[in-house]
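**Student:** Before we start, here is the structure in question, set down as structure tokens.
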Amino acid sequence: MKHKLIVMAALLALTVWAVEAQGYKPGDVATDFKLKNVDGKTVSLADYKSAKGFIVIFTCNTCPYAVAYEDRIIALDKKYAPLGYPVIAINPNDPGASTADTYALMQKKAKDKQFTFPYLVDEGQKIYPQYGATKTPHVYVLQKDKKNLVVRYIGAIDNNYKDANDVDEKYVEAAVDALLGGKTIAMATTAAIGCSIKVKK
Amino acid sequence: MSRISIALLLLIAPLVVAQTEWKREIIKFDQFEKLVDQQDDVLYVINFWATWCGPCVKELPDFMAVNEAMKDRKDFKMILVSLDEKSNWQSEVIPFAANNNLNVDIYLLDELRRMNYWIPRVDKKWMGSIPATVFYKNGKKLRFVEKQLHKDALETIIKEVSAL
């Protein structure tokens, strides 16, 4: 009996580890959160009563890829917030491990770039592992389905981080357009280079 | 000196010379695929990094220490694949390699425009965060690791995949 319990506990631990390590796949139900915004207020996805879904982007202050996408993230929010898909940016980096990502510097970034969307602190780094984000920027498009938030797209914003004028595949726009049009998303996951998330030591 | 040892010396001499000159090349993904598809019983440790990537830069001294300890092994080769911008190759990557004694072949993978094509071909699970390290032998991928590796962890993996 004792042995059985130990084996079961080990199996359970392995399962939990596997779930955490994998994060969400398209079709999974995503968790909501309560995270502090750069304006000091707390933001939850549940606050957005009329939203049809969300463009959740894990991003940070100084990663060259995140910086290269700042203007495109603002453009996504300007285009899709009125259509029911606002951008919610979350900084997953631990400010101790990444000194460029302190709350004060996040506030400065949001002000300097005039972010039109919330820029939230993943305090205690509890949310990004549940989503399975591994890097910045890392996008999750969520769709409201009754009370649930269903993951519909995971990956990159488009296929050219360097030059917005030389993009021929806009993955996030294509995904949200498909959702708005009631169509299936052609590419539900994409891979792209990004900066690894800086974990508390 | 016997004829055999002279012949051996002649064989080894160019190898010794070649080892003092590390490759520095800009490549495309098809060239990368050929690089890791060599059927020569050598364990290839391929590290994806960039000069702008903090954890990548942090793990490099550990990688260099392991490589130094393995330098006499003919069945082991470490290669760095930079994901820096091509425009930073001469201005940043090459000087960085010299300043940090990166005594390994370094390639810059000039494929930042079709990442969704080649990243899953390196590994299906790879979402694209770096550092990432891949272990190949005879064209077969033995291990993929998408995180910073310390010296002990790297040595352990090398031992494990060498036993495969």
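Protein chains in written order, with our numbering: chain A, 2 to 202; chain B, 37 to 200.
Glycine residues also receive a C-beta, built at the ideal position from the N, C-alpha and C atoms.
These numbers come from a predicted model, not from an experiment.
Which of the three DSSP states, helix, strand or coil, is assigned to Thr192 of chain B?
**Tutor:** Helix, per DSSP.
**Student:** With DSSP as the reference, identify every bridge partner of Asn83 of chain B, one or two as the case may be.
**Tutor:** Beta-bridge pairing links Asn83 of chain B to B:Leu116, B:Thr169.
**Student:** Just the C-alpha distance for Asn62 of chain A and Gly183 of chain A, rounded to the nearest angstrom, thanks.
**Tutor:** Approximately 35 Å between the Cα atoms of the pair.
**Student:** Within the continuous beta strand (DSSP E) that includes Cys196 of chain A, where are the two ends?
**Tutor:** Here the beta strand (DSSP E) through Cys196 of chain A covers 195 to 197.
**Student:** Pick helix, strand or coil for Asn103 of chain B, following the three-state DSSP scheme.
**Tutor:** Of the three classes helix, strand and coil, the one that applies to Asn103 of chain B here is helix, per DSSP.
**Student:** Quick one: using the 10 Å Cβ neighbour count with 16 as the cut-off for buried, is Asp222 of chain A buried or exposed?
**Tutor:** As displayed, chain A neither begins before 2 nor continues past 202, which places residue 222 of chain A out of reach and without an answer.
**Student:** CA-CA distance, Thr16 of chain A and Ala134 of chain A?
**Tutor:** Note that Thr16 of chain A scores 49 on pLDDT, short of 50, meaning its location in the model is unreliable; the coordinates nonetheless yield the value given after this. Between Thr16 of chain A and Ala134 of chain A, the C-alpha separation is close to 19 Å.
**Student:** Determine the DSSP secondary structure at Arg60 of chain B, reduced to helix, strand or coil.
**Tutor:** Here Arg60 of chain B sits in strand by DSSP.
**Student:** Can you tell which of A:Ala165, A:Gly156, A:Thr185 has the C-alpha that lies nearest to the C-alpha of Tyr1 of chain A?
**Tutor:** Nothing can be reported for residue 1 of chain A: it is not among the residues displayed for chain A, which extend from 2 to 202.
**Student:** Please report how far the alpha carbon of Thr192 of chain B lies from the alpha carbon of Val57 of chain A, in whole angstroms.
**Tutor:** Computed Cα separation, rounded: 37 Å.
**Student:** Quick one: is Ile198 of chain A buried, meaning 16 or more other Cβ sit within 10 Å of its Cβ, or exposed?
**Tutor:** So Ile198 of chain A counts as buried.
**Student:** Relative to the C-alpha of Thr185 of chain A, which residue among A:Val168, A:Lys202, A:Ala67, A:Val152 is closest?
**Tutor:** The residue with the shortest Cα to Cα distance from Thr185 of chain A is A:Val152.
**Student:** Could you tell me if Glu104 of chain B is buried or exposed, where buried requires 16 or more neighbouring beta carbons within 10 angstroms of its beta carbon?
**Tutor:** Per the 10 Å Cβ criterion, exposed.
**Student:** 7 Å is my cut-off, CB to CB: does Ser197 of chain A come that close to chain B?
**Tutor:** Cβ-Cβ to chain B under 7 Å: yes for Ser197 of chain A.
**Student:** Can you name the residues that DSSP bridges to Ile91 of chain A?
**Tutor:** Answer by DSSP bridge pairing, in chain order: A:Phe59, A:Leu121.
**Student:** Looking only at its own chain, which residues have a Cβ that is under 8 Å from the Cβ of Arg73 of chain A, when we skip the five neighbours before and after it?
**Tutor:** So the list reads Ile158, Asp159, Ala165, once near-sequence residues are dropped.
**Student:** For Asp178 of chain A and Pro65 of chain A, what's the separation of their Cα atoms in angstroms?
**Tutor:** Cα-Cα distance, rounded: 27 Å.
**Student:** For Ile142 of chain B, go through chain A and note every residue whose CB falls closer than 7 Å to its CB, in chain order.
**Tutor:** Simply none; closest approach about 17 Å.
**Student:** Could you name each continuous beta strand (DSSP E) segment of 3 residues or more that falls completely within the segment 133 to 167 of chain B, going from the start of the chain to the end?
**Tutor:** Whole beta strand (DSSP E) segments, 3+ residues: 141 to 145.
**Student:** Who are the neighbours of Pro156 of chain B on chain A, taking C-beta pairs under 7 Å?
**Tutor:** Neighbours of Pro156 of chain B on chain A, chain order: Ala192.
**Student:** I need the straight-line Cα distance from Glu147 of chain B to Asn161 of chain A, nearest angstrom please.
**Tutor:** Computed Cα separation, rounded: 10 Å.
**Student:** In the DSSP assignment, find the alpha helix (DSSP H) that holds Val177 of chain A and state where it starts and stops.
**Tutor:** Its alpha helix (DSSP H) spans residues 172 to 181.
**Student:** Is there at least one Cβ from chain B nearer than 7 Å to Asn161 of chain A's Cβ?
**Tutor:** For Asn161 of chain A, the answer is yes, since a Cβ of chain B falls inside 7 Å of its Cβ.
**Student:** Taking CB distances under 7 Å as the criterion, tell me whether Trp85 of chain B reaches chain A.
**Tutor:** Not an interface residue.
**Student:** Report the neighbours of Glu196 of chain B on chain A: residues whose CB is nearer than 8 Å to its CB, in chain order.
**Tutor:** Residues of chain A passing the Cβ test: none, with the nearest at roughly 19 Å.
**Student:** Are any of the Cβ atoms in chain A nearer than 7 Å to that of Pro97 of chain B?
**Tutor:** No, because no Cβ of chain A sits closer than 7 Å to the Cβ of Pro97 of chain B.
**Student:** Within the same chain, show all residues whose beta-carbon is closer than 6 Å to that of Gly24 of chain A, passing over the 5 residues directly before and after it, in chain order.
**Tutor:** These residues qualify, in order along the chain: Tyr132, Gly133.
**Student:** For the segment 179 to 194 of chain B against the segment 82 to 102 of chain B, do three or more pairs of beta-carbon atoms, one drawn from each stretch, fall closer than 8 Å, so that the two count as touching?
**Tutor:** Short answer: they touch.
**Student:** Taking Cβ-Cβ distances shorter than 9 Å, what residues in chain A pair up with Trp125 of chain B?
**Tutor:** Here the premise fails: no neighbours, minimum Cβ distance about 14 Å.
**Student:** Spatial neighbours of Lys187 of chain B within its chain, please: CB distance less than 8 Å, with the 5 preceding and 5 following residues excluded, ordered by chain position.
**Tutor:** For Lys187 of chain B, where only same-chain residues beyond five positions count, the Cβ hits under 8 Å are Asp98, Ala101, Val102.
**Student:** Just the C-alpha distance for Leu145 of chain B and Trp88 of chain B, rounded to the nearest angstrom, thanks.
**Tutor:** Rounded to whole angstroms, Leu145 of chain B to Trp88 of chain B spans 15 Å at the Cα level.
**Student:** From the DSSP output, read off the bridge partner residues of His186 of chain B.
**Tutor:** The partner list for His186 of chain B (beta bridge, DSSP) is empty, contrary to what the question assumes.
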